[in-house]
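Visitor: Numbering (my numbering), first residue to last: 819 to 1183.
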């Protein structure tokens, strides 16, 4: 394995003092610890990794900082030329890892890999979906459970999803993590200003904006790099393996909403994401030429198929079974909340002016 994995075995990951923990998280922490102790609630941690040297660094971070690491189950699909080293697979979490290895030429993209991870789910109470380059704060499990249960109780809906773009972190030359927190406000996700629909597909670029509030904010878009919700989400809103990459988050958000799920953007989620700057360093991606040339189906074809699938779902409204729209809420209701009118291909400000106009950059400089 690479040097960073070796560092992870001895590096004491920072779990406090990274930034000021919001009061809302602190007030929930102790109650949640009691609840988890009494009920032994479990968390399925979904990770689809593509040639990522931080995969087991991420697992170690989650394990070391959790209040109850024994309640975690890691579902991992590693897309890489070689299987992970035994030292990583046989760590203290070895009995709590469900692992699938796929060589890059056999991978069909990010959404396909996440659908395989979902197949590893076995009835755990909660789902946490992250990317394989994530760092956690202390007691993240209790804090997320407490926030989810608090919102569910307050709004009388068990179908709550916590999701937003986490703040970023970077590793310096010594392998030490440095976080980047741009605001104490909750981040909301909205279509990029000035964007319009294309005629052939409904995929829109989204950005993170400061909400003006230091509390959870109702939203209408999901960030795939951080989803925390009930485990039943896996079975009710499964990943569509025919999607490739772009459109993944819109697909989940609309399908979840029409099945009665509410999306909330939490304040100060207790984890950080490594936003990769491809201008500074080369990172492996599914569409890399050296991997793509070995496939019988090239990435451009996967992308075309994915756009067609999204068009069927949101423009043509085909009946796609479990991968289609739900029947609890309508697409018109989604439009009233979000301002995104898919059938008419029109965009308007979201209901209640969710978020202000201050864009928050979550990618690396």
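Where is the CB? At the ideal position from N, CA and C, for every residue including glycine.
Determine the extent of the alpha helix (DSSP H) in which residue 1119 is found, giving its start and end residues.
Guide: Residue 1119 -> alpha helix (DSSP H) spans 1117-1132.
Visitor: Which of the three DSSP states is assigned to residue 931 in this structure?
Guide: Helix at residue 931.
Visitor: Quick one: using the 10 Å Cβ neighbour count with 16 as the cut-off for buried, is residue 1150 buried or exposed?
Guide: So residue 1150 ends up on the exposed side.
Visitor: Cβ atoms of residue 890 and residue 863: under 8 Å apart, would you say?
Guide: Against a cut-off of 8 Å, the Cβ pair of residue 890 and residue 863 comes out as a contact.
Visitor: Mind checking who residue 947 pairs with in its DSSP beta bridge?
Guide: Paired residue(s): 864 and 1045.
Visitor: Within 10 Å of its beta-carbon, does residue 1119 have 16 or more other beta-carbons around it, so buried, or fewer, so exposed?
Guide: Exposed, by the Cβ-count rule.
Visitor: Count the other C-beta atoms from every protein chain shown that fall within 10 angstroms of the C-beta of residue 1049, then say buried if there are 16 or more, exposed otherwise.
Guide: Per the 10 Å Cβ criterion, buried.
Visitor: What does the alpha-carbon distance come out to for the pair residue 1084 and residue 1047?
Guide: So the alpha carbons of these two residues sit roughly 12 Å apart.
Visitor: With a CB to CB cut of under 6 Å and the five nearest residues on each side skipped, what residues in its chain are close to residue 1004?
Guide: Hits under 6 Å: 1029, 1031, 1035, 1083 and 1085.
Visitor: Going by DSSP in three states, residue 1106 sits in which element: helix, strand or coil?
Guide: Coil at residue 1106, not helix or strand.
Visitor: Starting from residue 1028, follow the beta strand (DSSP E) in both directions and report where the run begins and ends.
Guide: From DSSP, the beta strand (DSSP E) with residue 1028 extends over 1024-1028.
Visitor: Take residue 920 and list the residues in its own chain whose beta-carbon comes closer than 6 Å to its own, dropping the five residues that flank it on each side.
Guide: Only 897 meet the Cβ criterion.
Visitor: Return the CA-CA distance between residue 970 and residue 944, expressed in angstroms with no decimal places.
Guide: Answer to the nearest angstrom: the Cα atoms are 13 Å apart.
Visitor: From 883, 873, 878 and 887, pick the residue whose C-alpha is nearest to that of residue 902; which is it?
Guide: That would be 873, whose Cα lies nearest to the Cα of residue 902.
Visitor: What's the gap between the Cα of residue 931 and the Cα of residue 1062?
Guide: Those two C-alpha atoms are separated by around 9 Å.
Visitor: For residue 1058 and residue 1067, I'd like the C-alpha separation in whole angstroms.
Guide: Straight-line Cα distance between these residues: approximately 11 Å.
Visitor: Hey, residue 959 and residue 866 are a contact pair by Cβ (cut 8 Å); roughly how many whole angstroms apart?
Guide: About 20 Å; that fails the 8 Å criterion.
Visitor: Do residue 1037 and residue 1007 come within 8 Å of each other at the CB atom, strictly closer than that value?
Guide: Against a cut-off of 8 Å, the Cβ pair of residue 1037 and residue 1007 comes out as a contact.
Visitor: Flag residue 1067 as yes if its beta-carbon sits less than 8 Å from any beta-carbon of chain D, otherwise no.
Guide: Checking the listed chains, one finds no chain D in this structure; it contains a single protein chain.
Visitor: Terminal residues of the continuous alpha helix (DSSP H) containing residue 918?
Guide: Residue 918 -> not in any alpha helix (DSSP H); beta strand (DSSP E) instead, spanning 915-920.
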